[in-house]
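Below: the structure, in structure tokens.
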Amino acid sequence: MTTALVVKRALVIGAHADDVEFTSAGTVARWTSEGAVVGYVLCTDSSRGTDDPRLPPRELARIRQKEQRAAALKVGVRECWFLGYEDGTLEPTLALRRDLVRAIRSFRPDTVICPDPTVRWHGQGYLNHPDHLAVADAALAAIYPSARDRWAFPELLAEGLEPHKVGTVLLSAPAEPDTWVDISATIDLKVAALLEHKSQITDPGAVEFVRDWGRRAGVAQGLPYAEAFRAFFLG
Ligand SMILES: [Zn+2]
74 MTTALVVKRA
84 LVIGAHADDV
94 EFTSAGTVAR
104 WTSEGAVVGY
114 VLCTDSSRGT
124 DDPRLPPREL
134 ARIRQKEQRA
144 AALKVGVREC
154 WFLGYEDGTL
164 EPTLALRRDL
174 VRAIRSFRPD
184 TVICPDPTVR
194 WHGQGYLNHP
204 DHLAVADAAL
214 AAIYPSARDR
224 WAFPELLAEG
234 LEPHKVGTVL
244 LSAPAEPDTW
254 VDISATIDLK
264 VAALLEHKSQ
274 ITDPGAVEFV
284 RDWGRRAGVA
294 QGLPYAEAFR
304 AFFLG
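Just so we're aligned: the sequence shown equals residues 74 to 308 in the numbering used here.
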């Protein structure tokens, strides 16, 4: 179904700078234009996105965080957290889960977008990045049960972070989509956000890829452009 989700506060959880721009920035732009407050949590330091031997990982991480903040602003997002785990080696540890519970209890979103933990590949040309899978596992465990469980990570209570129930979970780029958001009015903002990742988006084919992905997601729904999700509505 295409859906008019009622979203007031949303947290988007990803692994790397530019993940949100590929999968869900059109939806984010739509929500912020409708008055929602959206924040991003990027779990890694995004330090590995280069083959350039002259660019050390620490310098790349600094550049990519700056690009991420600019990309977020393009779609109306002012709050970006970078958890700083090493790019390429992320695991769904309890430490990562605790950091995500901290973010959820601090931001108190009604809606969370995160990756789909069941996506190991797409077609014959794409193997999913293990960092995406680690984020997906840790984020879902953070949403349920830990963020809502008073006695999970009691050190967070000591920080003043009370339990919080997330109502809606949307898995981005899912294996089995069941929910589509119309991004026809925000596809240009999505592309503009993507282009802020200047260190990564050097091939104009990336823009066409994103537009084509949006067109293909929208076609069965009768929409010029859409983003697809799998939705869960938690009590
Ligand atoms: Zn990524």
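Even for Gly, the Cβ is constructed at its ideal location relative to N, Cα and C.
Straight-line Cα distance separating residue j from residue i
{"i": "K81", "j": "G108", "result": "7 Å"}
{"i": "A134", "j": "P203", "result": "19 Å"}
{"i": "N201", "j": "V192", "result": "7 Å"}
{"i": "L146", "j": "A265", "result": "10 Å"}
{"i": "S257", "j": "K238", "result": "31 Å"}
{"i": "T105", "j": "L307", "result": "23 Å"}
{"i": "L78", "j": "R181", "result": "17 Å"}
{"i": "C116", "j": "I86", "result": "8 Å"}
Heavy atom of ligand 1 within 7 Å of residue i beta-carbon
{"i": "D92", "result": "yes"}
{"i": "D189", "result": "no"}
{"i": "H270", "result": "no"}
{"i": "H195", "result": "no"}
{"i": "D183", "result": "no"}
{"i": "D204", "result": "yes"}
{"i": "Q209", "result": "It is Ala, not Gln, that sits at residue 209 in the sequence shown. False, no ligand heavy atom lies under 7 Å from that Cβ."}
{"i": "H89", "result": "yes"}
Identity of the residue in the options nearest residue i by Cα
{"i": "F95", "options": "A279, G291, G295", "result": "A279"}
{"i": "L206", "options": "A214, P188, G198", "result": "P188"}
{"i": "E269", "options": "T105, A304, A225, I136", "result": "I136"}
{"i": "D118", "options": "L230, A209, T162", "result": "T162"}
{"i": "R142", "options": "H195, L234, A212, Y113", "result": "Y113"}
{"i": "V283", "options": "A98, V208, Q197", "result": "A98"}
Quiz item: Taking the runs of the beta strand (DSSP E) that are 3 residues or longer, which of them lie wholly in the segment 113–162?
Solution: 152–158
Self-check item: 4 or more residues per run - each alpha helix (DSSP H) lying fully within the segment 209–261
Solution: 227–231
Self-check item: Segment contact flag, the segment 87–102 with the segment 139–155, C-beta cutoff 8 Å, min 3 pairs
Solution: yes
Exercise. Jot down the residue ranges of each uninterrupted alpha helix (DSSP H) in the segment 269–306, minimum 4 residues, whole runs only, in chain order.
Key: 278–292
Quiz item: So does the segment 122–132 actually touch the segment 218–231, counting three or more Cβ pairs closer than 8 Å?
Solution: no
Quiz prompt | Contained beta strand (DSSP E) runs [length at least 3] in the segment 175–209, N- to C-terminal order | solution = 184–188
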